[in-house]
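Counting in this note's numbering, the sequence shown runs from 8 upward without gaps.
Ideal placement from N, C-alpha and C gives every residue a C-beta, glycine not left out.
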Amino acid sequence: MPRPLAIGNGEMLLAFDSGLNVRDFYFPYVGLYNHLSGAKLRMGVWVEDRFAWLEDPSWSKAIDYMDGTLASNVLCRNEELELELHLVDVVHHGHNLYIKRIEAKNLANRPREARIFFSHDLRIMESDIGDTAFFNPYLNAIVHYKLDNYFLISGYDAYGGISQYTTGVKGYSHLVGTWRDAEDGQLAGNPIEQGSVDSTVAFHLPLPAEGAQTMWYWIACGRNLQQVSDLHQLVQARGPEALARETESFWRAWVSKSAENFSKLPQRIADFCARSLLIMRTQIDDRGAVTAANDSDIMQNVKAHYSYLWPRDGAIITSVFDELRFALVSRNFFKFCARVLPPDRAALMHKYTPDGSMGASWHPWYIDGKAEVPFQEDGTGLVMWALWRHYESLQDIEFVEPLYEKMIVPMCDFMVDFRDPHSHLPLPSWDLWEERRGVHCFTTVAVWAGLEAGARFAELIGDTRAKKFKTAANQIKENFKTYFYDHDRGFFLRTLYPSKRGGYSPDLVPDSSSLVIPLFGMFPIDDPEVESSARTIEQRLWVNTEVGGMARYENDYYFRQSHSVPGNPWFICTLWLAEHLILAADEPCDMERPLELLEWCIRWALPTGALSEQIHPYTGEPLSVAPLTWSHAAFVHTALQYSQKMERLNGRGRRKEDQRGQTPNKDKAAR
8 MPRPLAIGNG EMLLAFDSGL NVRDFYFPYV GLYNHLSGAK LRMGVWVEDR
58 FAWLEDPSWS KAIDYMDGTL ASNVLCRNEE LELELHLVDV VHHGHNLYIK
108 RIEAKNLANR PREARIFFSH DLRIMESDIG DTAFFNPYLN AIVHYKLDNY
158 FLISGYDAYG GISQYTTGVK GYSHLVGTWR DAEDGQLAGN PIEQGSVDST
208 VAFHLPLPAE GAQTMWYWIA CGRNLQQVSD LHQLVQARGP EALARETESF
258 WRAWVSKSAE NFSKLPQRIA DFCARSLLIM RTQIDDRGAV TAANDSDIMQ
308 NVKAHYSYLW PRDGAIITSV FDELRFALVS RNFFKFCARV LPPDRAALMH
358 KYTPDGSMGA SWHPWYIDGK AEVPFQEDGT GLVMWALWRH YESLQDIEFV
408 EPLYEKMIVP MCDFMVDFRD PHSHLPLPSW DLWEERRGVH CFTTVAVWAG
458 LEAGARFAEL IGDTRAKKFK TAANQIKENF KTYFYDHDRG FFLRTLYPSK
508 RGGYSPDLVP DSSSLVIPLF GMFPIDDPEV ESSARTIEQR LWVNTEVGGM
558 ARYENDYYFR QSHSVPGNPW FICTLWLAEH LILAADEPCD MERPLELLEW
608 CIRWALPTGA LSEQIHPYTG EPLSVAPLTW SHAAFVHTAL QYSQKMERLN
658 GRGRRKEDQR GQTPNKDKAA R
């Protein structure tokens with residue numbers, strides 16, 4: 008399932024599998040639409056009557072990114088074909104252009120011709136109904152289109168442009184597609200097809216003995232033929248190399264803004280933070296949708312995907328960008344939330360598609376004979392919490408002010424009202440894992456944090472409603488331990504289920520999400536119940552295998568691999584533990600374990616740096632989707648917390664040394 012490489016620009020996103028097929032191709036939104044939907048863009052090579060697609064095991068591959076930028080750096084070698092390929096892929100930062108550089112090196116001591124084939128099995132707008140593919144002789148390009156989605160494919164080699172092309176039908180009458188036509192080194196030259204269609208193009212490279220040649224290939228995306236034609240002509244006028252290099256430079260400049268924040272981290276951690284930021288940026292749409300993940304292989308299991316904005320995930324992810332003062336990402340996110348906030352019920356829904364539509368959901372609107380609007384209230388609370396963190400970081404009152412009456416007050420009013428009149432805790436909603444309806448520890452902390460943030464905003468502008476928001480937050484905090492802390496078991500309960508007779512029934516399953524209580528500041532890290540709960544949660548949920556890591560909760564069923572462990576290790580859960588240990592540290596030596604947990608994340612990342620949602624408890628292979636945006640955000644945030652805490656602890660140590668060094672001098676002066 009994992010996607011080791013993802014490149015994008017906020018409107019386009021391409022993700023590659025380990026066979027170097029493009030498996031996800033999103034446009035015009037990041038996360039919408041996927042114009043492959045389980046199909047592939049393939050690359051293959053024909054030499055001396057032998058052919059191999061890059062996914063063939065005859066190729067050895069070293070897949071990585073260029074340092075500090077969003078450009079691939081891939082080396083492929085095929086001993087049977089006596090050929091080596093160096094590939095560089097970029098999506099231009101300012102134009103909807105995918106550009107690929109291919110350097111082919113002849114390992115044989117004789118001159119040969121290599122034919123490079125690219126096959127395009129597009130399902131435009133996630134359907135293969137009503138597509139058209141045709142060869143445009145005026146542009147020497149293949150064009151795929153449907154409605155207002157256009158894709159122009161071209162390139163050039165030593166002979167000029169496309170050397171061969173064909174279009175064809177696929178998916179019926181035993182026709183698999185034109186990629187099969189490529190395998191004999193010759194394409195049929197069919198100029199147009201409609202319906203369920205694909206296309207293949209070829210470029211011919213004359214290779215001197217033990218010599219090399221370079222070619223370029225590109226895909227332009229647009230809303231009509233004129234747009235993609237203009238982009239094609241831009242590439243021809245400026246040259247693909249210049250466009251690729253300026254893209255590499257742009258992303259190096261973009262990520263360098265964070266360098267000072269990472270400067271005191273171990274170099275390996277700092278480099279991984281930079282890579283994480285770049286990967287995170289590929290998953291974020293320029294119009295505000297912070298998508299969870301865009302690895303569509305998950306659809307093979309459940310016919311659903313992660314290409315949505317969950318308000319909770321978006322709030323946590325954008326708060327990391329705010330820590331590093333990347334203001335544009337978070338501003339777009341908050342504008343998105345303001346746009347989609349229901350006017351008659353100021354609580355954000357379960358999830359949203361990148362264009363702002365309500366996302367697919369399995370949460371019922373009718374439960375126990377009663378109608379209700381299903382949602383996860385933690386998303387509403389955390390968006391408010393993140394907005395205050397944004398203001399604290401950037402002090403941009405002019406951005407916040409238009410959101411005050413439109414979003415801040417209505418959301419806080421909702422959170423105040425959506426509470427039980429006796430316990431003052433939130434009423435039931437769905438938990439952060441999307442599995443249980445009840446009153447949840449994580450959600451309650453999120454609502455408390457959101458109301459605290461709302462009170463601060465109201466105080467900032469002198470609004471008397473600050474008292475109402477603050478009172479509600481205090482009531483939640485005052486009652487939290489009474490209802491959620493289990494003294495017999497020594498940990499905070501994950502969920503309370505309202506009883507028909509009044510009160511609550513406890514869910515006794517230990518859950519790693521209770522580790523966030525001090526992370527959001529509800530109670531201090533040295534609070535006895537917080538300390539006890541953290542110890543118990545770690546003991547119960549640490550995966551005692553050679554892989555290690557923290558499970559979500561006991562008997563986690565999602566992608567379960569074994570009944571001998573509490574669940575699969577999750578990166579975000581392991582990083583909650585690391586952040587907990589950082590907060591609790593009193594001496595530099597206490598920071599060794601958090602550093603080990605950061606290193607643990609790097610160890611189990613893909614070689615490109617991509618972090619999955621979870622990993623196999625015995626092999627460490629990625630499970631579910633990769634990259635998961637939240638996993639990367641959690642790593643960067645925890646690394647920043649580690650750096651800041653180490654600086655404080657080392658500074659305190661130096662002050663103690665200075666004080667010890669000064670004492671004898673004072674005594675000597677007195678004598």
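Q) Would DSSP call VAL37 helix, strand or coil? A) The residue you call residue 37 lines up with position 30 of the sequence shown. If DSSP states are grouped into helix, strand and coil, VAL37 belongs with coil.
Q) If you draw a straight line from the C-alpha of ALA677 to the C-alpha of GLN648, how long is it? A) Your numbering for residue 677 matches position 670 in the sequence shown. Your numbering for residue 648 matches position 641 in the sequence shown. Its pLDDT being 36, under 50, ALA677 is placed unreliably in this model, and the coordinates cannot settle the point.
Q: Write down the C-beta distance between ASN103 and GLY229 rounded to the nearest angstrom, noting that I regard them as a contact closer than 8 angstroms.
A: Working through the sequence shown from its first residue, we reach residue 103 at position 96. Working through the sequence shown from its first residue, we reach residue 229 at position 222. Between GLY229 and ASN103 the Cβ distance is about 6 angstroms, and since that is below 8 angstroms, they are a contact.
Q) Hey, would you say CYS83 sits closer than 8 angstroms to GLU89, going by beta carbons? A) Locating residue 83 in the sequence shown gives position 76, counting from the first residue. Locating residue 89 in the sequence shown gives position 82, counting from the first residue. Against a cut-off of 8 angstroms, the Cβ pair of GLU89 and CYS83 comes out as no contact.
(Q) Is it the case that the stretch 114 to 126 contacts the stretch 207 to 224, given that we only count it when at least three CB pairs across the two stretches are under 8 angstroms? (A) yes
Q. Do HIS100 and the ligand ADP come close, with the Cβ less than 7 angstroms from some heavy atom?
A. The ligand ADP is absent from the structure shown, which contains no ligands of any kind.
(Q) Let's test the definition: count the other Cβ atoms within 10 Å of the Cβ of CYS596 and tell me whether it reaches 16, buried, or not, exposed. (A) Reading the sequence shown from its first residue, position 589 is the one you call residue 596. Under this definition CYS596 is an exposed residue.
Q: Output the distance between the C-alpha atoms of TYR359 and ALA216, rounded to the nearest integer angstrom.
A: Against the sequence shown, residue 359 aligns to sequence position 352. Against the sequence shown, residue 216 aligns to sequence position 209. When rounded, the distance between both Cα atoms is 55 angstroms.
Q: With a floor of 4 residues, list each alpha helix (DSSP H) that falls wholly inside the stretch 551 to 615, ordered by position along the chain.
A: As far as the stretch 551 to 615 is concerned, its whole alpha helix (DSSP H) runs of at least 4 residues are 578 to 591, 599 to 610.
Q. When burial is assigned at 16 or more other CB atoms within 10 Å of the CB, is THR173 buried or exposed?
A. Position 166 of the sequence shown, counted from the first residue, corresponds to residue 173. Burial call: buried.
**Q.** Three-state secondary structure (DSSP) of VAL380
**A.** For the purposes of this step, residue 380 is taken as the residue at position 373 of the sequence shown. Note: VAL380 maps to coil in three-state DSSP.
**Q.** Option in GLU255, ARG30, SER314 with minimal Cα separation from VAL37
**A.** Within the sequence shown, the letter at position 30 stands for residue 37. Looking at the Cα atoms, SER314 is the closest of the given residues.
Q) Three-state secondary structure (DSSP) at THR636? A) Numbered from 1 along the sequence shown, position 629 holds the residue referred to as residue 636. Collapsing the DSSP output to three states places THR636 in a helix.
**Q.** DSSP three-state assignment for MET414, whether helix, strand or coil
**A.** Position 407 of the sequence shown, counted from the start, is the residue given in the question as residue 414. Note: MET414 maps to helix in three-state DSSP.
Q.
If we require 4 or more residues per run, which alpha helix (DSSP H) segments fall completely within the stretch 36 to 67?
A. none
Q: Going by CA-CA distance only, name the one from MET557, ASP293, VAL423 that's closest to ILE579.
A: Indexing the sequence shown from 1 puts residue 579 at position 572. Looking at the Cα atoms, MET557 is the closest of the given residues.
Q.
Using C-beta distances below 6 angstroms, list every residue in its chain close to HIS312, excluding the 5 sequence neighbours before and after it, in chain order.
A. Locating residue 312 in the sequence shown gives position 305, where the first residue counts as 1. Excluding sequence neighbours, HIS312 sits near SER303, ILE305, MET306.
(Q) I'd like to check one pair, ASP493 with PRO513: are the Cβ atoms closer than 8 angstroms? (A) In the sequence shown, counting from the first residue as 1, residue 513 sits at position 506. In the sequence shown, counting from the first residue as 1, residue 493 sits at position 486. Their beta carbons are under 8 angstroms apart, which means PRO513 touches ASP493 by this criterion.
(Q) Buried or exposed, going by whether 16 or more other CB atoms sit within 10 Å of the CB of PRO601? (A) Taking the first residue of the sequence shown as 1, we reach residue 601 at position 594. Classification of PRO601: buried, given that the 10 Å Cβ count is 16 or more.
Q | Classification of MET365 by the beta-carbon crowding that lies within 10 angstroms, buried from 16 upward | A | By one-based count along the sequence shown, residue 365 stands at place 358. MET365 is exposed by the Cβ-count criterion.
**Q.** Rounded C-alpha distance that separates LEU214 from LEU146
**A.** Position 207 of the sequence shown, counted from the first residue, corresponds to residue 214. Position 139 of the sequence shown, counted from the first residue, corresponds to residue 146. Roughly 26 angstroms separates the two Cα atoms.
Q. So, using beta-carbon positions, are THR450 and GLU384 closer together than 8 angstroms?
A. Here residue 450 refers to the residue found at position 443 of the sequence shown. Here residue 384 refers to the residue found at position 377 of the sequence shown. In contact: THR450 and GLU384 (Cβ atoms closer than 8 angstroms).
Q | Beta carbon of ARG681 nearer than 8 angstroms to that of ALA460 | A | Nothing can be reported for residue 681, as the shown portion of the chain is limited to 8 through 678.
Q. At which residues does the beta strand (DSSP E) containing ARG122 begin and terminate?
A. Numbered from 1 along the sequence shown, position 115 holds the residue referred to as residue 122. Segment 119 to 127, the beta strand (DSSP E) holding ARG122.
Q. Name the DSSP beta bridge partners of HIS93, please?
A. What you label residue 93 is simply residue 86 of the sequence shown in a count that begins at 1. Per DSSP, LEU82, GLU110.
Q) alpha helix (DSSP H) containing GLN240: first to last residue? A) Translated into the one-based positions of the sequence shown, residue 240 becomes position 233. Start and end: 232 to 245.
**Q.** Cβ neighbour criterion (16 or more within 10 Å) applied to TRP258
**A.** The residue given as residue 258 occupies position 251 in the sequence shown. With 16 or more neighbouring CB atoms inside 10 Å of its own CB, TRP258 falls in the buried class.
Q. Which residues mark the beginning and the end of the beta strand (DSSP E) in which PRO213 is found?
A. Along the sequence shown, read from residue 1 onward, the residue named residue 213 stands at position 206. Note, PRO213: beta strand (DSSP E), 204 to 214.
Q.
Do TYR72 and SER65 count as a contact pair if the criterion is CB distance below 8 angstroms?
A. Working through the sequence shown from its first residue, we reach residue 65 at position 58. Working through the sequence shown from its first residue, we reach residue 72 at position 65. Against a cut-off of 8 angstroms, the Cβ pair of TYR72 and SER65 comes out as no contact.
Q: Specify, as a first and last residue, the run of the alpha helix (DSSP H) that PRO318 falls within.
A: Counted from its first residue, the sequence shown places residue 318 at position 311. Looking at the DSSP string, the run of the alpha helix (DSSP H) that includes PRO318 is 318 to 330.
Q | ASN278, enclosing alpha helix (DSSP H) - first and last residue | A | Counted from its first residue, the sequence shown places residue 278 at position 271. The residue you asked about is not Asn; residue 278 is Asp in the sequence shown. Run containing ASP278: 274 to 289, per the alpha helix (DSSP H) assignment.
Q) What is the DSSP secondary structure of ASN680, reduced to helix, strand or coil? A) Given a span of 8 to 678 for the chain in the structure shown, any question on residue 680 remains unanswerable.
(Q) Measuring straight from C-alpha to C-alpha, what distance separates ALA244 and ASP164? (A) Walking along the sequence shown from the start, residue 244 turns up at place 237. Walking along the sequence shown from the start, residue 164 turns up at place 157. Approximately 16 angstroms between the Cα atoms of the pair.
Q.
Assuming the contact rule is C-beta atoms closer than 8 angstroms, LEU680 and ILE14 should be a hit. Round their C-beta distance to whole Å, please.
A. The structure shown does not extend to residue 680, since the chain spans only 8 to 678, so no value can be given for it.
Q. Can you check whether the CB of ILE622 is closer than 8 angstroms to the CB of ARG575?
A. Working through the sequence shown from its first residue, we reach residue 575 at position 568. Working through the sequence shown from its first residue, we reach residue 622 at position 615. Position check: residue 575 holds Asn in this sequence, whereas Arg was assumed. Yes, the Cβ-Cβ distance between ASN575 and ILE622 is below 8 angstroms.
Q | Straight-line Cα distance separating ASN657 from LYS673 | A | For this step, residue 673 is matched to residue 666 along the sequence shown. For this step, residue 657 is matched to residue 650 along the sequence shown. Confidence is the limiting factor: at LYS673 the pLDDT is only 43, short of 50, which leaves the residue's position unreliable, though a coordinate-based value still follows. If I take the Cα positions, the gap works out to 25 angstroms.
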